[in-house]
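All remarks here apply to the structure that follows.
Protein chains: 2
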Amino acid sequence: MTTASTGGPRWLTDEEQSVWSAYLHATTLMEDHLDRQLQRDAGMPHIYYGLLVQLSRAPRHRKRMTELAKDAKITRSRLSHAVARLEKNGWVRREDCPSDKRGQNAVLTDEGHAMLVRSAPGHVAAVRQAMFARLTPEQVRNLGEIMRVVAAGLQPEGTDADLPWLR
Amino acid sequence: MTTASTGGPRWLTDEEQSVWSAYLHATTLMEDHLDRQLQRDAGMPHIYYGLLVQLSRAPRHRKRMTELAKDAKITRSRLSHAVARLEKNGWVRREDCPSDKRGQNAVLTDEGHAMLVRSAPGHVAAVRQAMFARLTPEQVRNLGEIMRVVAAGLQPEGTDADLPWLR
DNA sequence: GACCTTTTCTTGAAAGTTGAACTAGATAGA
DNA sequence: TCTATCTAGTTCAACTTTCAAGAAAAGGTC
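Each protein sequence line maps, in turn, to chains A and B. Going by our numbering, the first residue of the first sequence is number 15, and it counts up by one from there. Going by our numbering, the first residue of the second sequence is number 15, and it counts up by one from there.
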């Protein structure tokens, strides 16, 4: 399946295809797995859980909307909807930003924090069982390096992210 | 952050946390990237494109719904909706299964095939640029092995997938 | 200040996903 | 055969995501 440099499109090698297919399967199954686990045990999808985690790690349990969106790699629009839903659950509340009247802080409520404390062990166990318990320490190290490279290459503001051919 | 075996939940080590975070960032950014690329160039999300690819690889360009859902790792419900949409686009059509009157085959139309031929080079280029162009051959090899292990562990019918503590 | 541009966040509609309920046909046992 | 159970696929309602449009405040320039 490998096309020599005949000017046509450059296809993936057989190994690359196989790796790509494994990547797609693994990531799809992982996302489904975690979504189901958290929907069952915490009543929300994985991404919403991730938002609560971000807030729990932030100073004073709060964060500007835009910053939160950036950290969670989602659009501001999506975050608006998500926070509205989490607010309805009582896990997050909005608060005007004192220094910028346009701004809003998302604040983790006590109930939100409690919910996190309650569901974190199960979630960590799921992650461990699905990934870390199955990999050797060296594989974990390699995976980290690989994912960092890929993420860096896709980062929106990356210095040369969209110009790899200039390297 | 490492908890000794005190009976409490077993958290992730610092390195595991860092790897997990890199994994989530990379996979989220990658999915967004491909969804946008295909939405722009082929008018459909990545998963729909994957369905057409599956059909194009199947004998006679057709596949039973359930099998297609299994191969694409999605629910039958989601597939029903997806095929309805692709049918509206003229890229797929449904066909009664001759041997089982409950069954349906999803069939790739000529237009669907043409669309695939047209958009494949751009998609492959996007995948290559985002992933394979950035990794060493050894990293590609390692990634393949890692993703196969993870996927195998999450496979629904996995012999001991949900019973890792019995190994 | 007046004007223009940018940033922040929200909204609404359209598209996609989920999980449960449902129909029709296949299968197996008495 | 009759019945119970299972499988294939669809449909519905609730929910989530996307994209485009918009309101409000901030920042810059004259």
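Glycine residues also receive a C-beta, built at the ideal position from the N, C-alpha and C atoms. This one's a predicted model, so the numbers in the text were calculated from it and none came from an experiment.
Task: Reduced DSSP category for A/P26 - H, G, I as helix; E, B as strand; rest coil - done: Pro is not the amino acid found at residue 26 of chain A; the sequence shown has Leu there. If DSSP states are grouped into helix, strand and coil, A/L26 belongs with coil.
- [ ] Ignore the nearest five residues each way along the sequence and tell me which others in B/L130's own chain have a CB closer than 6 angstroms to its CB.
- [x] L66 and S70
TODO: Leaving out five residues on either side along the sequence, give the residues of the same chain with a beta carbon under 7 angstroms from the beta carbon of B/W34.
DONE: Excluding residues within five positions, the ones whose Cβ falls inside 7 angstroms are L26.
Open item on the list: With H, G and I counted as helix, E and B as strand and the rest as coil, what does DSSP make of A/L66?
Closed with: helix
Task: Minimum Cβ-Cβ distance from B/R54 to chain A less than 7 angstroms - done: no
Task: Where B/Q169 falls, given that 16 or more other Cβ within 10 Å makes a residue buried - done: exposed
Open item on the list: At the level of alpha carbons, what is the spacing between A/D49 and B/E109?
Closed with: Separation of A/D49 and B/E109 (C-alpha to C-alpha, rounded to the nearest whole angstrom) is 33 angstroms.
- [ ] At 8 angstroms on the CB atoms, spell out the chain A contacts of B/S203, in chain order.
- [x] Any property of residue 203 of chain B remains undetermined from this structure, which presents chain B solely from 15 to 181.
Task: Through-space distance from B/S113 to A/A86, alpha-carbon basis - done: 48 angstroms
Task: Counted within 10 angstroms of its Cβ, other Cβ atoms place B/S137 as buried (16 or more) or exposed - done: First, the residue type needs correcting, since residue 137 of chain B is His and not Ser in the sequence shown. Counting of Cβ neighbours within 10 angstroms places B/H137 among the buried residues, the total reaching 16 or more.
Open item on the list: I'd like the list of long-range same chain contacts for B/A36, defined as Cβ closer than 7 angstroms, with 5 residues on each side in sequence excluded.
Closed with: none
Task: B/A140 and B/Q53 closer than 7 angstroms at C-beta - done: no
Open item on the list: Would A/P23 pass as an interface residue toward chain B - the criterion being a Cβ-Cβ separation below 7 angstroms?
Closed with: yes
TODO: State the DSSP-derived secondary structure class of B/Q51, mapped to helix, strand or coil.
DONE: helix
- [ ] Report buried or exposed for B/K77, applying the criterion of at least 16 other Cβ atoms within 10 angstroms of its Cβ.
- [x] buried
TODO: Please classify B/Q143: does DSSP put it in a helix, a strand, or coil?
DONE: Correct three-state label for B/Q143: helix.
Open item on the list: Considering just the uninterrupted stretch of the beta strand (DSSP E) at B/Q118, what are its terminal residues?
Closed with: Q118 to L122
Task: B/K77 (DSSP reduced to helix, strand or coil) - done: strand
Open item on the list: Which residue marks the beginning of the alpha helix (DSSP H) containing B/R99, and which one marks its end?
Closed with: R90 to N103
TODO: Mind checking the stretch 140-154 of chain A against chain B and listing, in chain order, the residues whose C-beta falls within less than 8 angstroms of any C-beta there?
DONE: Closer than 8 angstroms at the C-beta level to chain B, one finds these residues of the stretch 140-154 of chain A: V141, R142, Q143, A144, M145, F146, A147, R148, L149, Q153 and V154.
TODO: Would you identify the three-state DSSP class for A/D114, choosing helix, strand or coil?
DONE: coil
- [ ] Under 8 angstroms between beta-carbons, which chain B residues line up against A/M58? List them in chain order, please.
- [x] Here the premise fails: no neighbours, minimum Cβ distance about 16 angstroms.
Open item on the list: Check whether chain B comes within 7 angstroms of A/P73, counting only Cβ atoms and requiring the distance to be less than that.
Closed with: no
- [ ] State the Cα-Cα distance for the pair B/P23 and A/P135, rounded to the nearest angstrom.
- [x] 6 angstroms
- [ ] From the DSSP output, read off the bridge partner residues of A/V106.
- [x] A/L122
- [ ] List the endpoints of the continuous alpha helix (DSSP H) containing A/P151.
- [x] P151 to L168
Task: Collapsed DSSP secondary structure at A/Q31 in the structure displayed - done: helix
Open item on the list: Just verifying my parser: in three-state terms, what is the DSSP assignment at B/G136?
Closed with: helix
Open item on the list: Cutting at 7 angstroms between CB atoms, please list the residues of its own chain near B/T80, excluding the five before and the five after it.
Closed with: R90
Open item on the list: Here's a check: name, in chain order, each residue in its chain whose Cβ is nearer than 8 angstroms to the Cβ of A/L157, leaving out the five neighbours to either side.
Closed with: Taken in chain order, the residues that qualify are L149.
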